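Trainee: Encoded as structure tokens, here's the structure I'll be asking about.
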Amino acid sequence: PDHSLKAELFELLGGQKHLPVSLTESFAMLPAASVCGFYFSHPESRYFGVGQIDRDQVKDYARRRGIDVDKAEEGLSPILGYK
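Rendered as structure tokens:
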């Protein structure tokens, strides 16, 4: 749910140098039909939804990414279980 990771992925893969795709300031992709993500395959894998998360999970996520909690909350705002 944290779309800011797209910037890191684009930089790592050489983004616009190799593809006619760009990112907006809010990390939307242009053209809009573009897809970006981390995809892992295993014969026993299943899709699952991510529910609401609490402050302790956001703090841990921020620590692991090396970003401040405010920045993590900004990226994860659609799934925050608190205000």
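One gets the numbering used here by counting positions in the sequence shown from 1 and adding 192 to each. Note that CB positions come from ideal geometry on N, CA and C, so glycine has one too. Fair warning: this is a prediction, and the values are worked out from it, not measured in the lab.
Going by DSSP, what residues sit across from serine 214 in a beta bridge?
Mentor: Leu222.
Trainee: Rounded to the nearest angstrom, what separates proline 270 and proline 193 at their Cα positions?
Mentor: The C-alpha of proline 270 lies about 8 Å from the C-alpha of proline 193.
Trainee: Should histidine 195 and phenylalanine 219 be called a contact, given that it needs their Cβ atoms to be closer than 9 Å?
Mentor: yes
Trainee: How many Å lie between leucine 197 and valine 250 at the Cα?
Mentor: 15 Å
Trainee: What residue does the alpha helix (DSSP H) around glutamine 244 start on, and which one ends it?
Mentor: Note, glutamine 244: premise wrong, no alpha helix (DSSP H); not H, not E.
Trainee: Please work out which residues of its chain come closer than 7 Å, Cβ to Cβ, to serine 214, disregarding the five sequence neighbours upstream and downstream, and give them in chain order.
Mentor: Gln208 and Leu222
Trainee: So, is leucine 204 buried or exposed, given that buried needs 16 or more other C-beta atoms within 10 angstroms?
Mentor: exposed
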